[in-house]
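Protein chains in written order, with this note's numbering: chain B, 17 to 727; chain L, 4 to 301. Just so you know, even glycine gets a beta-carbon here, dropped at the ideal spot from N, CA and C. This structure is a prediction, so every number in the text was calculated from the model and none was measured. Taking it in order: structure first as structure tokens, then the write-up.
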Amino acid sequence: MARIGVFVCHCGSNIAANVDCAAVAAAANQMPGVVYATDYKYMCSEPGQKLIQDTIREHRLDRVVVASCSPRMHEPTFRRAVAAAGVNPYQMEMANLREHCSWVHNDRPLATAKAIEIVGMLVAKVGRDEALRPGRAELTKRLLVIGGGIAGIQAALDVANAGYQVTLVERTPTIGGKMAMLDKTFPTLDCSACILTPLMVDVAQHPNIELRSYSEVEQVQGFVGNFKVTIRQKARYVNHATCTGCGTCWGKCPEKAIPSEFDQGLGKRTSIYIPFPQAIPNKPVIDPDHCRYLGYRSAYEEQVASLGLTGEEAAKYKPVGPDGKKMPPCQICQKMCPTGAIDWTQKDELIEQEFGAIIVANGFDLFMLDGSHEAETGQPVHPYYGEYGYGKYPDVITALQLERLMNASGPTGGEIIRPSDGKHPHSVVFIACVGSRDDKVGRPYCSRICCMYTAKQAIMLKEHAPETDAYVFYMDVRAGGRSYDEFVRRAQEVYGTHYLRGRVSRIYRKGDRYVVMGYDANIGRSVSVETDLVVLANGATSARGSVDLMQTLGISYDQYGFINEAHVKLRPVETNTAGIYLAGCSAGPKDIPDTVAQASAAAAKVCGLFARPYIETEPTVAEVDQRKCVSCHLCEEVCPYSAVTFVTLRDGRLAAQINPAVCKGCGLCVSGCRGRAIFLHGFSDQQLLAEVDSLLAPPLTLRLPELVPVD
Amino acid sequence: MNAANAYAYFPGCSLHGTACDYGQSTEQMCERLDIELLELEDWNCCGSSPAHMVNPWLALGLVGRNLRLAGQTGLDTVVLPCAACYARFKETQHALKDPETAARIEYVAGGAVPSDLKIEPLLGVLGKPEIRVKLHDYQQRSLDGLKLAPYYGCLLTRPSEVAQFDDPEDPQSLDELLKALGAEVVSWPGKVSCCGASLPISRPELVWRMSGQLLAWAAEAGADAIVTACPMCHSNLDTRQGQIRRAGLGDYHLPIFYFTQVVGYALGLDESQLGIGRHLTNAKGLLGRRRPVVTQAG
């Protein structure tokens, strides 16, 4: 006969406010198999755990029910506690009296009665719990970092410096991310390039880091310690092994007017290009959408096929472009390349690699007023903030565009000029919270960086041209970092930036200037500011394609496409999936210091994981009773983790087999199995039916002690 | 009846009264464009300001009854030239989404209220591609050389989740319409600003200031006239220019047109047919002053 102990937790007043915990313990004492039951204020605290352990020893308990909160947070805590006192951790059950009872009810007697029933179910189950031991799996000590911004760079360097192998996957042709586009960084006004580019070089030269730029994660399988990842290396049409990055090709490329993504459309690039001079890798790729030869080639193939040309005719055929003229076969880069690195035969390549852990650092994108950031979320794309005239007025620009204009290596060499006429602005209006803290545009959250970068840009503007007037329309100044408020104050008091508290209602053109109409809450009236340039402080949204990536990884994300942390406060760099960590803006907008801190924290978690000799796997997995298996393959079909394989038994029959290292214990195969041949450890039919039985037919008439109301 | 171009038509009180020129030009214009308007029989007030300020159920119920009448026509769309009527109709349709509210509306309206009727402002009908083609084919006079300030007012596009018409802050439908007729559309900040609405009775100075601001912006932008889609806006802008002048808030003589008058004129209708002589601020002759070559496509 099992000797069960029941420990009822008050959780401060979280449970005790609506549940009479002493009454629950008293009732539990009468349940079959229970030799001891008690209640305590904080069962998870050190004295609480000690109480459990002392009681186990004193009463020779071999099963434990902890009636407290959801197992999500504290199941590992109590498993460790009972194991230390000699009870098998899988013969400990948690009865959830908090989320499932006290938090959702306010009728104390009824909630107490329900709490007793919940405890009764778990007492019935725990008596039938078998002793389980965790399994072991190999641990591949190689890290995959997704995203080559400052978060990914920092995490990759930290883990690589600890002596582990790292693969860094970056979607664009260069690492560096958004930080590489910035001019200066707040609040110290360090030059962004000066602090970032050396780290980029470190990544490129680190013996433990394999850099995969222009690549994307295509598929992820496996589990912590044993991820199998398929990476798509997009075709660059340049052999990076032989290319020296000399620059002859992009100097000669005739396609020179492609808006540069890196310069936010303000500068131009060629179709064979590096995004910026300090790019890493410092070797070009060819943009297939703009390359003349690749356009020629696909038009040739298409037109030859549609015209049905063959042989010599096909060989002599010259394709015709959309303008009706014969297309040029160009290939100038190939002719000019001194090392013969241009390779037109390249195709996208799928690379399969094994990793023990993954850090997701896919960053963010700007909220765009044309709605283009919604394009991949499946939401309707429509323009926002029509009153600002973005897209209509060339001198209404985004903050990142101004950043490029201010940057010494930007399209204007650091000169701040108006895109419309190239003149220096004498007055600039900044508008904060564009796409932040605004339910109307579906972004109720604060983007956290805009107040600070706006103050920084106002200061930089004054540094460039001290006589320029700067105005900032803001809702609140949120400058809650070290030396942040002082920085904003400096923008106001030392640099004389005019801060107007209120929203902008309209911007319109007046001659070649603009009038910004808004409300100044500090003086309680509408104001108009005539200006030359308007800078919008666009908020941050999740990175383009973020939802697809989260689904590929199988991690949970919120309605805005940001990752949900495993625990907001206590596990801020872990996802809900073991072995997958996060850093930076992938889990919500962050500034550079927070991003770097998170990246290093995630790296520490990975190093902690890699320091183990092997992975312990959960024993609560499914197992096939091969005598009963009729090999119908249904389990194989329903298994989301591909854990089922089929083996030939000695008598020649085929039977299913479940890989315990891959199985997650979801139970789909168990309920799917027609012959009831599959069994889930820790959740057997007997255990679950015992729970149901206890609910339908209470084993004894519980005599409830009189309930004492609180207060 | 050509069902494709036939609409249930709710003129509202203005188009039969203070804005009868809007009503007249609406009917004339639609006739030219082969748009058939079937005026609801025995329609009642849309529940605008007087009702919805006092009793929301009455306001919703009044539209409820009108929607019932519209439903009985068998047509799928009810078209409203007046922006205030449009706002009340859309507001009621929005309220009908909640079953409990719908039940109360039906109680007040005295029977089942259809919730799936399409409710469109007249301006929206003119944006339809097939009407645009007709506009192009039937146009007899170009508005080339006219500088017009398109004025949508505050009710037509907002609140956007209720009105569901055009961009709430930078609408384009009237801009596009006027451009299609050859007019130059000025860029001005007043597009969707408030004219002072129903406040001229209780706080006339406020209306002078707000409407005066609109006139000032339009004049500053170099507009020859303001084109509206709302009887209330028209009334404030057209009839208050004298008061605004006497209050020392600016000396304006800016003609205020309904868009139907401008479109009607382009379609070859005469000023008298369009009620252009009824304005307090003289608008006669402006459209004709720069009468350019008659264009006839095809």
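- Neighbours of Gly518/B in chain L, taken as residues whose beta carbon is under 7 Å from its own, are absent, since the nearest beta carbon is some 16 Å off.
- A residue is called buried when at least 16 other Cβ atoms come within 10 angstroms of its Cβ; Arg669/B does not meet this threshold and is exposed.
- Contact check for Ala171/B against Ile296/B fails: the beta carbons are separated by 7 Å or more.
- Around the C-beta of Glu109/B, 16 or more other C-beta atoms lie within 10 Å, and the residue is accordingly described as buried.
- For His19/L, the uninterrupted alpha helix (DSSP H) run begins and ends at Gly15 to His19, by DSSP.
- Leu283/L counts as exposed, since fewer than 16 other C-beta atoms from the protein chains shown sit within 10 angstroms of its C-beta.
- Annotation: the region 203–283 of chain L contains the following complete segments of the alpha helix (DSSP H) (minimum length 4 residues), in chain order: 207–223, 234–242, 244–249 and 262–269.
- Looking from the CA of Gly405/B, the closest CA among Arg313/B, Val550/B and Gly534/B belongs to Val550/B.
- Residue burial is scored here from C-beta neighbours: Tyr630/B has fewer than 16 other C-beta atoms within 10 angstroms and is therefore classed as exposed.
- Sequence-distant partners of Pro435/B (beyond 5 residues in either direction) whose C-beta falls short of 7 Å from its own C-beta, in its chain, are Leu282, Pro410, Asp411 and Ile413.
- When DSSP assignments are scanned along the region 61–114 of chain B, the uninterrupted stretches of alpha helix (DSSP H) that are 4 or more residues long and fall wholly within it turn out to be 62–75 and 87–100.
- Annotation for His306/B: Glu271, Ile274 and Ser287 place their beta carbon closer than 6 Å to its own, counting only its chain and skipping 5 residues before and after.
- As computed with DSSP, His583/B is found in a beta bridge with Arg587/B.
- Here the alpha carbons of Pro605/B and Gln175/L stand approximately 34 Å from one another.
- Burial is judged here by how many other beta carbons sit within 10 angstroms of a residue's own beta carbon; Asp123/B has fewer than 16 and is exposed.
- For the region 27–50 of chain L, the set of residues with a beta-carbon nearer than 9 Å to any beta-carbon of chain B is empty.
- Ranked by Cα distance from Ala507/B, the options Ala537/B, Arg522/B, Cys467/B and Lys526/B are led by Cys467/B.
- When Cβ-Cβ separations below 7 Å define contact, Glu187/L makes no contact with chain B.
- Relative to the Cα of Leu146/L, the nearest Cα in the group Gly193/L, Cys198/L and Leu184/L belongs to Leu184/L.
- Using a Cβ-Cβ cut-off of 7 Å, Glu172/L counts as an interface residue toward chain B, since at least one Cβ of chain B sits closer than that to its own.
- For the region 520–539 of chain B, the set of positions with a beta-carbon nearer than 9 Å to some beta-carbon of chain L reads Ser521, Arg522, Ile523, Tyr524, Arg525, Lys526, Val531 and Met533 in chain order.
- Chain L places a beta carbon closer than 7 Å to that of Gly402/B, counting this residue as a contact.
- With 16 or more neighbouring CB atoms inside 10 Å of its own CB, Pro124/L falls in the buried class.
- For Met56/L, the three-state secondary structure derived from DSSP is coil.
- Contacts with chain B (Cβ-Cβ distance below 7 Å) from the region 182–207 of chain L involve Ser190, Trp191 and Pro192, listed in chain order.
- The DSSP-derived three-state label of Arg313/B is helix.
- Three or more beta-carbon pairs separated by less than 8 Å are not found between the region 123–141 of chain B and the region 673–691 of chain B, which leaves the two stretches without contact.
- Residue pairing by DSSP leaves Asn378/B without any beta bridge partner.
- Of the candidates Gly278/L, Ile122/L, Tyr110/L and Ala219/L, the residue whose Cα lies closest to the Cα of Leu252/L is Ala219/L.
- About 6 Å separates the beta carbons of Leu240/L and Cys198/L, which is inside the 8 Å limit, making them a contact pair.
- Our two residues, Ala672/B and Val336/B, have alpha carbons roughly 59 Å apart in a direct line.
- For Ile631/B, the enclosing beta strand (DSSP E) starts and ends at Ile631 to Thr633.
- In chain L, no part has a C-beta under 8 Å from the C-beta of Pro460/B; the shortest such distance is about 15 Å.
- Sorting Val142/B, Lys141/B, Gly143/B and His116/B by C-alpha distance to the C-alpha of Lys130/B places His116/B at the top.
- The alpha-carbon separation between Leu180/L and Ala112/L amounts to approximately 36 Å.
- Neighbourhood of Gly405/B in chain L, by CB distance below 8 Å: Asp173, in chain order.
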